[in-house]
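I have placed the structure first, in the form of structure tokens, so that the comments after it can refer back to it.
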Amino acid sequence: MNKKTSYKAKKPKLLLIGWDAADWKVIDPLLKMGKMPALQRILNDGVRGNIATLNPVLSPMLWNSIATGKRAYDHGVHGFVEADKATGEISPVRATTRKVKPIWSILNEAGYSTNVINWWPSHPAEKVNGVCVSNHFHKSAPVFGQDWPLEQSAVYPSTYYEKLKGLRLHPAELTLAHVMPFIPNASDLDPENDEVLKPFLRVLAHCCSVHNAATYLMEETEWDFTGVYFEAIDHFSHLAMKYHPPKLADVNHEDFEKYKGIVEGAYIFHDMMLDRMLDLAGKDCNVMIVSDHGFESGGLRQIELPDVEAAPALEHRQFGVFVAAGPDIKPNEIYGASLLDIAPTVLHHFGLPIGEDMEGQVLKNIFRKGEAVGHIPSWEDTTTKPEFVEEASKSNEEMLTQLQDLGYINLDQSDRLRYVDSELTYNLCVSFLDGNKPAKAKELLEPYFEKNGELRYGMLLAQALLKLGDLSDLSAHLDKMEQSFEGQGGIHFLRGMLYLQQSEHKKALQHFFDMEKRGLKSAQLYNEIGRTFLITQNYRAAKEYFNKALVLDTENAVALSGKAQCALEESQYDDAILLAEQSLVLQFFQPNTHYILAQAALAVEELDI
């Protein structure tokens, strides 16, 4: 099938901007203060909404889901690193690991020209119909003045290599004028030794370099689609969100005063970059801005992260941002969007059919014209396959060190291969559970836990058994876990969940209350206590605990749905409708919440009659 002649038609250009970890809870106050005018400009006539992330909340997996419309168990990227079992070599995850086609490859098949800049992962550069600048474009810079090499495999085609190489910004080129909008007293700090300023300079230089490459290609090339990914908001937030106002009680006052402007400055700077990209894109270009997840900015912020794998992911929130604007986009507010919806929506924008093997759906409500394009079984069945620039070497210790410094990996292991295999297998099993494939997760988890006996694998296996309803197996598994990991709170919680499934509500509450007395408080725990009271028709107590969950997490869809159920049972139909709608705005795919909403609406209609 020749996609270039079958589908190519004149469509407005599309600019897709990725802002890793961007969050409305930080953005909205800045919009109110007029500090993000470029974003406000497109919101005035565009679409905004939450976008639900996927689990595990790890960026390489998520940005591949955004680009493919598929979860990690289908696209094949399962973490930050990968291993060559033949050589024992560990390297950052690569574009060649992805098993399915990203949207730019599909657009190329259809005859569209694409620019891809810094997508994670996009190294080695793909041989696109356009330009690809990989995520190895701006690696750790040497001492200023020394040669700063750029891998040939980071840029395609090679005709752009020299120009793009020169557009990289070295951290030493940043002046006080660049830094003081973020850190006003930067002149008093030592850029070589300050534990915040030093990594700040590296992140800012990297961000500027990506912007330089993107704007150059937008201005100098003919393109139909440009996709550019900025990770800086995420990195700035991991670095300084604990200093973001309002001040947390445990944060040193002096440190707060020094670094409190970094996160706000990061968003304002991204708005400035957006302003330039909008000018280059022109009024005839549609624009989408997407984040893969949000970032805790309130009372749930953590001063120090626990010593667990991929600990920085604990700072992420379940909801990111989605923005769309342009000639084809109608002013609207969108609800229930997922990361899996982006790829189908981009294909729909260009008049292309959606692969039936994509889990997401087209966000049709954002378009002025919503003609259905239809489906094909899979874009993987076409003859064209992605091709990549050949690499000289796969190992990259500099980037591995950077990932380790950020806390996402821990390669201080005697057996690196075993460690990497363990991480990737664990992430894959989490993806299976998140995609409601507990049998697939169980199939991997049982032998792995039997062999290695790791607590987190045992906990994940228990969750799979719970989802499958294998209650007798779950009971036996928890017995074994309690013998090996005495006093572990998570096991206690799962025992309570088992009792809840067995309708032994008093025993379930005893376990849940015991956890609360130990100080192990969470929105999930409060929701399960609320759900137990709801089942036993103690609606007053149920609401009390759903409210406790909402104090910890104001955007907790489960707690809002639980309160809606309580209101319905107490014949408070207007409240039930309002709460159910609030829950569905956050998480659309909740069949029971839709049922609550329908029941409440029907009751109101009958009362009006």
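Mapping to the working numbering: the sequence shown position 45 is 45, numbers consecutive.
Even glycine gets a Cβ: it sits at the ideal position worked out from N, Cα and C.
Note that the structure is predicted; figures quoted are calculated from it, not measured.
A Cβ-Cβ separation of about 17 angstroms leaves L14 out of contact with N332 under the 8 angstroms criterion.
Across the structure, K32 and G282 are spaced so that their CA atoms are roughly 26 angstroms apart. Our two residues, K165 and D279, have alpha carbons roughly 24 angstroms apart in a direct line.
M358 and I183 have their C-alpha atoms some 44 angstroms from each other. Pairing H293 with T97 gives a Cβ-Cβ distance that is not under 8 angstroms.
Three or more Cβ pairs closer than 8 angstroms define a contact, and the region 204-219 meets that threshold against the region 157-171.
Within the DSSP bridge table, the entry for R48 names V323, E333 as partners. From the listed residues V321, L217, G299, K139, the smallest Cα separation to N50 is found for V321.
Within the region 47-80, the complete beta strand (DSSP E) segments of 3 residues or longer fall at 47-52, listed in chain order. At a Cβ-Cβ threshold of 8 angstroms, G489 and L520 count as neighbours. Put simply, the backbone Cα of F513 is about 57 angstroms away from that of M218.
A direct Cα-Cα distance of roughly 48 angstroms separates G34 from A392. Residue burial annotation: V81 is buried, with at least 16 other C-beta atoms found within 10 angstroms of its C-beta. If only uninterrupted alpha helix (DSSP H) runs of at least 4 residues are considered, those enclosed by the region 120-198 are 161-166, 176-179.
Shown here, F485 sits in coil according to DSSP, grouped into three states, outside any helix or strand.
Within the same chain, I183, N185, L189, V196, Y243 come within 8 angstroms of K258 by CB-CB distance, once the 5 residues on both sides are set aside.
In terms of Cβ geometry, Q463 and L433 form a close pair [threshold 8 angstroms]. When only Cα atoms are considered, K437 and P56 end up about 14 angstroms apart. Cβ contact annotation for A83 (same chain, cutoff 6 angstroms, sequence separation greater than five): I90, L417, V420, in chain order. By the C-beta criterion, the region 129-143 is judged not to be in contact with the region 246-254, since fewer than 3 inter-stretch pairs fall below 8 angstroms.
Put simply, of F225, L465, Q152, V263 the residue whose alpha carbon is nearest the alpha carbon of C429 is L465.
If you look at V558, you'll find it in the alpha helix (DSSP H) that goes 557-569. For V210, the closest of I117, L340, V585, N129 by C-alpha to C-alpha distance is I117. In terms of Cα proximity to Y112, the closest of Y499, E222, T383 is E222. Per DSSP, reduced to three states, the secondary structure at M358 is coil, with no helix or strand assignment. Comparing alpha carbon positions, the residue from V308, M288, W379 closest to L339 is M288. The alpha-carbon of N452 is positioned some 10 angstroms away from that of L445. Linking I366 to G227 through their CA atoms gives a straight-line distance of about 19 angstroms.
Comparing alpha carbon positions, the residue from P353, A601, K364 closest to V47 is K364. The beta-carbon distance between E309 and N410, rounded to whole angstroms, is 7 angstroms. This is short enough to meet the 8 angstroms contact definition.
In this structure, the alpha-carbon of E356 lies about 39 angstroms from that of S503.
Per DSSP, reduced to three states, the secondary structure at L300 is coil, with no helix or strand assignment.
When DSSP states are grouped into helix, strand and coil, P92 belongs to the strand group. Between V128 and V155, the CB-CB gap reaches or exceeds 8 angstroms. The criterion of a C-beta distance shorter than 8 angstroms is satisfied by S297 and D23. For G435, there is no enclosing beta strand (DSSP E), as DSSP gives it neither H nor E.
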